[in-house]
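The next block holds one structure in the form of structure tokens; read it before the comments.
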Ligand code: NAD
């Protein structure tokens, strides 16, 4: 607990209800969302101001946190607060339609953009790692991971299986922090999931939290359940205790080829993230300590045999993809020349969405009342009645996802749809159908807001993977359009040196000014995503741009 008059760790929770502690709802929204990021229900290590993703922080220090809150409480409706890597550094007179807060986190001049230099500067108290939504005050807990995974499988279903995974056998592995979202995301898409996981405790944890339905200890037992679910068209998820390298190869040997295949073991780290075949967990732990070189060599051989099984499944008709864990890169480095024959998840399933400006639209009820989110859920269903995957997501999210901190929701919406939703939410506030304003934001992982050559911009059609003008233009455009706060960060997702990205958050407070700002921001923000993909040569983006009449000075007629 905090001593009076000092600044240190304490329990933070955003105020609820309609009473303002700031001079307007825009400032109040920024303050509540900063506090919400540090709510113990939301943040991983709130005492250290760490929200998620390694060391992604909301503010640089507790002194800086207190100073930001003080500044927001005093901030006028025509002023803008500047935050430099988690520390408030100045307040300027701007104008009512300008952002109330501008944030820059962890940015370094490219030649110095290394972890070593960053850590040196961080130790001097000069910078802070903001991840994507930690330092930009719009993290909403694990709902975001489940939804991104759901959307990936939904797009796979749309592309290959007529819009649903019903009756489809989906094979994956790894039920860790991120991978654990897979069984739920697959059954939410009505599919049958077999997730191979070497550690029974990880499976147990997913059973307890309702992310996975069943646990099996033999492949035969799991296959019998899969057959039954398939015959009945029932969604089902099974965590199978086993090693992915062995189970994938055994399925090929028996010629049992799943419909869709991926993997989310932590294959990017061979020593700590991938268990070699033929070893129990204890034996693996022992070998890792005793002989790390031998461990890595055995992990590498197992990984290659798993990738070979996946390539064989692909040859026999399965849809196979890499889920962002560098599985292909590891196999390629170990000498499997065909490792890159199956695609990564962004280029296979997410990029077509990005071409239409579609990305992770999220919103939060400042009232703190879950009923307000349920009311917005209904609005979304009314606005987009034709979108089946969206309907499934919203309906199941209501049933299965627990709120963390202020009640929030996420769903992927495209160009045109985001502005429509934002304006409808503003109308709900204006008519008193929700109890307080709604905050609308998004992840930095989005259509036109990130340059990250190992993830979001991997394998761009024109080779522009490392071009980082786009996220900068995105931040400038959102500022010019009147977002409530705008952020520009370095290093989110893949680490220092590997990515640059921008975020925006806008408040629907029910006023006519908010109508104009929402329309501009929620049109232009996904709009630059469409433009970025038109520029890279994606036909689907050009179709979308033409359909909506986007002005493109140099696009083909
Ligand atoms: P984690 O370390 O929490 O979990 C990995 C799991 O894999 C563990 O439960 C481990 O027991 C299991 N495992 C390891 N070797 C195995 C084997 N041979 N057979 C079966 N199970 C095995 O990791 P995480 O947070 O779940 O992330 C998984 C990977 O996904 C990481 O490489 C991460 O970088 C990557 N990733 C995911 C996304 C996404 O959107 N989901 C995006 C980018 C990267």
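In the UniProt record's numbering, the protein residues as written are 10 to 566. From the three backbone atoms N, C-alpha and C, an ideal C-beta is built for every residue, glycine too. This one's a predicted model, so the numbers in the text were calculated from it and none came from an experiment.
Could you check if residue 10 is buried or exposed, using at least 16 other CB atoms within 10 Å of its CB as the buried criterion?
Any answer about residue 10 is weak, because its pLDDT of 46 lies below 50 and its placement is not dependable; what the coordinates show is given next. Answer is exposed; the Cβ neighbour count stays below 16.
May I ask which residues mark the beginning and end of the alpha helix (DSSP H) holding residue 34?
34-46
What I want to know is whether the C-beta of residue 319 ends up closer than 8 Å to one or more non-hydrogen atoms of the ligand NAD.
no
Which word fits residue 1, buried or exposed, when buried means at least 16 other C-beta atoms lie within 10 angstroms of its C-beta?
What the structure shows of the chain is the stretch from 10 to 566, and residue 1 is not part of that stretch, so it cannot be assessed.
Suppose you measure from the CA of residue 560 to the CA of residue 543; what does that come to, to the nearest Å?
11 Å
Mind checking whether the beta-carbon of residue 540 lies closer than 8 Å to any heavy atom of the ligand NAD?
no
For the beta strand (DSSP E) that residue 202 lies in, which residues bound it at each end?
Looking at the DSSP string, the run of the beta strand (DSSP E) that includes residue 202 is 201-206.
Would you check if there are 3 or more beta carbon pairs closer than 8 Å linking the segment 421-439 to the segment 528-546?
yes
Compare the beta carbon distance of residue 36 and residue 96 with 9 Å and say whether it is the shorter of the two.
no
Could you give the DSSP three-state label for residue 29: helix, strand or coil?
In this structure, residue 29 counts as coil in the three-state DSSP scheme.
When you compare the CB positions of residue 428 and residue 527, do they come within less than 9 Å of one another, or not?
yes
Using the DSSP secondary-structure output, state which residues sit across from residue 21 in a beta bridge.
BP columns for residue 21 are empty, so no partner.
Tell me whether the beta-carbon of residue 261 lies closer than 9 Å to the beta-carbon of residue 206.
no
Taking 9 Å as the cut-off, decide whether the C-beta atoms of residue 398 and residue 152 are in contact.
With respect to the 9 Å criterion, residue 398 and residue 152 are not classified as neighbours on the basis of their beta carbons.
How many angstroms separate the CA atom of residue 246 from the CA atom of residue 454?
28 Å
Looking at the strands, I want to know which residues DSSP matches up with residue 421.
369
At what residue ranges does the segment 334-405 contain a whole run of the alpha helix (DSSP H), taking only runs of 4 or more?
Runs of the alpha helix (DSSP H) lying entirely within the segment 334-405, each at least 4 residues long, are 336-342, 360-364 and 379-392 in chain order.
According to the neighbour-count rule (16 or more other Cβ atoms, all chains shown, within 10 Å of its Cβ), is residue 54 buried or exposed?
Exposed is the label assigned to residue 54, since fewer than 16 other Cβ atoms lie within 10 Å of its Cβ.
Give me the Cα-Cα distance between residue 475 and residue 334, rounded to the nearest whole angstrom.
One Cα belongs to residue 475, the other to residue 334, and the distance between them is close to 19 Å.
Cβ-heavy atom distance between residue 158 and the ligand COA below 8 Å?
The model depicted lacks the ligand COA and carries the ligand NAD instead.
To the nearest angstrom, report how far apart residue 147 and residue 226 are at their CA atoms.
Approximately 40 Å between the Cα atoms of the pair.
Looking at the structure shown, is residue 248 part of a helix, part of a strand, or coil, going by DSSP?
The DSSP-derived three-state label of residue 248 is strand.
Less than 8 Å between the CB atoms is what I'm expecting for residue 189 and residue 215, so what's the real figure, rounded?
5 Å
Where does residue 101 land, buried or exposed, given buried means 16+ other C-beta within 10 angstroms?
exposed
When you measure from the CB of residue 213 to every non-hydrogen atom of the ligand NAD, does any distance come out below 8 Å?
Not under cutoff, so the answer is no.
Taking Cβ to Cβ, would you say residue 414 is nearer than 9 Å to residue 22?
yes
When the Cα atoms are used, what is the spatial distance from residue 359 to residue 339?
Straight-line Cα distance between these residues: approximately 22 Å.
Going by the C-beta, is residue 277 closer than 8 Å to any heavy atom of the ligand NAD?
yes
Assign residue 222 to one of two classes, buried (16 or more other C-beta atoms within 10 Å of its C-beta) or exposed (fewer than that).
buried
Per DSSP, what kind of secondary structure is residue 554 in: helix, strand or coil?
helix
Quick check on this structure: which residue in 184, 155, 362 and 199 has the alpha carbon closest to the alpha carbon of residue 176?
The option with the nearest alpha carbon to residue 176 is 199.
Can you tell me whether residue 206 sits near the ligand NAD, meaning its C-beta is under 8 Å from at least one heavy atom of the ligand?
yes
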